[in-house]
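Note that the protein sequences, when read in sequence, are chains A and B.
Numbering-wise (the numbering used here), the first sequence opens with residue 3 and increments by one.
Numbering-wise (the numbering used here), the second sequence opens with residue 2 and increments by one.
Backbone N, C-alpha and C fix where the C-beta goes; we use that ideal spot for every residue, glycine too.
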Amino acid sequence: AQTVTQSQPEMSVQEAETVTLSCTYDTSENNYYLFWYKQPPSRQMILVIRQEAYKQQNATENRFSVNFQKAAKSFSLKISDSQLGDTAMYFCAFNAYSGAGSYQLTFGKGTKLSVIP
Amino acid sequence: KAGVTQTPRYLIKTRGQQVTLSCSPISGHRSVSWYQQTPGQGLQFLFEYFSETQRNKGNFPGRFSGRQFSNSRSEMNVSTLELGDSALYLCASSWEGYTRTYEQYFGPGTRLTVT
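Shown next, in the form of structure tokens:
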């Protein structure tokens, strides 16, 4: 079974600073996908960034980037130039094949990020 | 394109009752997944439907069921409600095609409170 661990339940960062959220996972699969989702206080889950395991290059989306270390099974999220709108719960998620054409998302417990003005 | 929509947004039920939640996926998306979110257990996978067939199921009791219609809209049903069923129920849809990307797009959720 796949597991996803986010070891930082809460974090805070000053506005305009950089913060890194950690995520590790455990799997015996070789082909899989990793995601970071953001859930602001309004509760709508939003996809932040995705990474395919077969790609060595780290994904980047504007101020968001990941550090993907496949051998270490680590997938951290870096947020640069933090903004007040980045305040949210961040979930690391692992998507792997579970049979019959289905891919199942397994989520970590989340990291609550607060951006301080 | 309109996003994933869920109805109702809030629901209060009493123990023993049953409830039906609805989810309309993004146009063109044929896969619909359901998740239960609680403070204690986090996000847990309930089941996934594709082309009106349940393709995958999480570790939940048989009181939790679902279905998908030909227009890809999905419903989930919880019978004989228990206090522990109080949660945010999230629906997510994804597109499957030649260039499958595996991302899931979430709706705003239905907040179910069981009293």
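Proximity of residue i and residue j at Cβ, strictly below 9 Å
i, j, result
"Val21 of chain A", "Tyr39 of chain A", "no"
"Glu97 of chain B", "Arg31 of chain B", "yes"
"Val68 of chain A", "Ser84 of chain A", "no"
"Gly4 of chain B", "Gln106 of chain A", "no"
"Met77 of chain B", "Leu44 of chain B", "no"
"Ser34 of chain B", "Ala93 of chain B", "yes"
"Gln53 of chain A", "Phe66 of chain A", "no"
Other residues of its chain near residue i: CB distance less than 6 Å, five sequence neighbours each side excluded
i, result
"Lys111 of chain A", "Gln8"
"Gln18 of chain B", "Leu82"
"Tyr11 of chain B", "Arg112"
"Thr26 of chain A", "Thr7, Lys75 and Ser76"
Limits of the unbroken beta strand (DSSP E) element including residue i
i, result
"Trp35 of chain B", "Ser32 to Thr39"
"Asp88 of chain A", "Per DSSP, Asp88 of chain A belongs to no beta strand (DSSP E) and is neither H nor E."
"Asn60 of chain A", "Where Asn60 of chain A is concerned, there is no enclosing beta strand (DSSP E), given that its DSSP letter is neither H nor E."
"Asp28 of chain A", "Thr26 to Asp28"
"Ala88 of chain B", "Ala88 to Ser95"
"Ile48 of chain A", "Ile48 to Glu54"
"Leu113 of chain B", "Thr111 to Val115"
Strand pairing of residue i, partner residues [DSSP]
i, result
"Cys94 of chain A", "A:Trp38"
"Gly101 of chain A", "A:Ser104"
- Please name the residues in the region 90-106 of chain A whose beta-carbon is closer than 9 Å to at least one beta-carbon of chain B, in chain order. Taking 9 Å as the Cβ-Cβ cut-off against chain B, the residues of the region 90-106 of chain A that qualify are Phe93, Ala95, Asn97, Ser100, Gly101, Ala102, Gly103, Ser104, Tyr105 and Gln106.
- Query: When Cβ atoms are compared, which residues of the region 64-87 of chain A fall closer than 9 Å to chain B?
  - Reply: Within the region 64-87 of chain A, not one residue has a Cβ closer than 9 Å to any Cβ of chain B.
- Residues of the region 53-67 of chain B with Cβ closer than 7 Å to any Cβ of chain A, in chain order: Under the 7 Å Cβ criterion, the region 53-67 of chain B contributes Arg56 and Asn57.
- Check each residue of the region 24-36 of chain A: if its Cβ is closer than 7 Å to any Cβ of chain B, include it; give the result in chain order. Here the close residues are Tyr35.
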